[in-house]
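My numbering puts the sequence shown at residues 215 to 320. So the structure is just underneath, and the comments pick up after that.
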Amino acid sequence: MAKYYVESGTLKLVIQADDPLQASLWAVSRALQQVILTPQQDSEHSPYGPRKKPPDTEFLVLGRDFRVNEFGFGNDRCTTIETAELVTQWGQLMATLNRIERKCPA
Numbered sequence: 215m216a217k218y219y220v221e222s223g224t225l226k227l228v229i230q231a232d233d234p235l236q237a238s239l240w241a242v243s244r245a246l247q248q249v250i251l252t253p254q255q256d257s258e259h260s261p262y263g264p265r266k267k268p269p270d271t272e273f274l275v276l277g278r279d280f281r282v283n284e285f286g287f288g289n290d291r292c293t294t295i296e297t298a299e300l301v302t303q304w305g306q307l308m309a310t311l312n313r314i315e316r317k318c319p320a
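Dropping the structure here:
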């Protein structure tokens, strides 16, 4: 696994992954965790009430593209992937995992 520097908008993460696409999908997952909560997570884990973040927490804002490289943030030698494409792939991945989970309950 390589170390990838992933950036899009205000998001900047260092992620260990097999390739730039895998690193980008992990970053999308991290970004979407801030806005997608299950009802249980929503009510049990937020002392600030449903769908609220702590007052000192900034939301991540994604840009039009993800820039991924192994050299550091801001490096021009990068792989560029459209954010919309990544969010679509992430959604397909989550739907597939959901189907598997329903067929094979724990």
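We put the CB at the ideal spot given by N, CA and C, even for glycine.
- In the structure shown, LEU307 adopts helical secondary structure according to DSSP, grouped into three states.
- Between SER238 and PHE285, the beta carbon gap of about 16 Å keeps them out of contact (Cβ cut-off 8 Å).
- For GLN230, the enclosing beta strand (DSSP E) starts and ends at 225-231.
- Residue pairing from DSSP places ILE295 in a beta bridge opposite PHE280.
- With a beta-carbon spacing of about 14 Å, ARG278 and THR302 fall beyond the 8 Å limit used to define contacts.
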